[in-house]
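My numbering numbers the first residue of the sequence shown as 0 and each following residue consecutively.
All C-beta atoms in this analysis are idealised placements derived from N, C-alpha and C, irrespective of residue type, glycine included.
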Amino acid sequence: MKNANGIVLDKQGQLDYRTPASFQIIVLLEPISIILERVAALCLIAAVSSLGLLHPNQCRSLAGRGYFDALATLTNEVCLLQAPSFKVSTLFLDVKGGFDNNCANKHAGIVTKEGVSAHPVAWIKSFLSKRQCRLIFQGTPKVFLLVAFCTPQGSPISPLRFVLYIASLHPTIP
């Protein structure tokens, strides 16, 4: 369940297809793996929520915190603050390539420091260790290669892990 197939697709409109940036990889995971990771994600969400590790301003990536929820919250906050003639500003961050650069040991250290018990931390380390991907495009050998840094694309656990990974970016604002 740690093996994935990466389908390599050409990006449209590229002038030069000799560089890796000219391609996009869509990772396909085994269905049973996705189901088991969803169960693990729900358990981890409960564990980190009870410790207060999910910042209330974090939107997207988690159930009940989608685009619509973010827009409704933002609209409400702006209206509340503009009523007494305050000036309002907002900061949006979109971290490109965040899932691709999510180091297992650093992530395990973050959640351990925050009080997550040993069992979920061990699962996180195991989840990211010895993962392999096989790139599939015309003319390539179909062999699996180890992936050094990776939070699998399409995995139910990936958004939660990323939210926890960047939790320290959220400032404490009254």
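Check, Outcome
"Rounded separation between P119 and P158 - CA only", "16 Å"
"Per DSSP, the bridge partner or partners of L8", "Q23"
"Cα-Cα separation between K10 and Q81, rounded to whole angstroms", "44 Å"
"Reduced DSSP category for A117 - H, G, I as helix; E, B as strand; rest coil", "helix"
"Neighbour-count burial assignment, R37, 16 or more Cβ in a 10 Å radius", "exposed"
"Beta-carbon proximity of K129 to L145, cut-off 8 Å", "yes"
"N- and C-terminal bounds of the alpha helix (DSSP H) containing I31", "P30 to S49"
"Three-state secondary structure (DSSP) of I135", "strand"
"In DSSP terms, what L144 is bridged to", "C132"
"A3, DSSP secondary structure in three states", "strand"
"Own chain residues within Cβ distance below 6 Å of I24, not counting five before or after", "G5 and V7"
"P173, DSSP secondary structure in three states", "Here the model assigns P173 a pLDDT of 49, short of 50, so the residue's position is not dependable and the matter cannot be decided."
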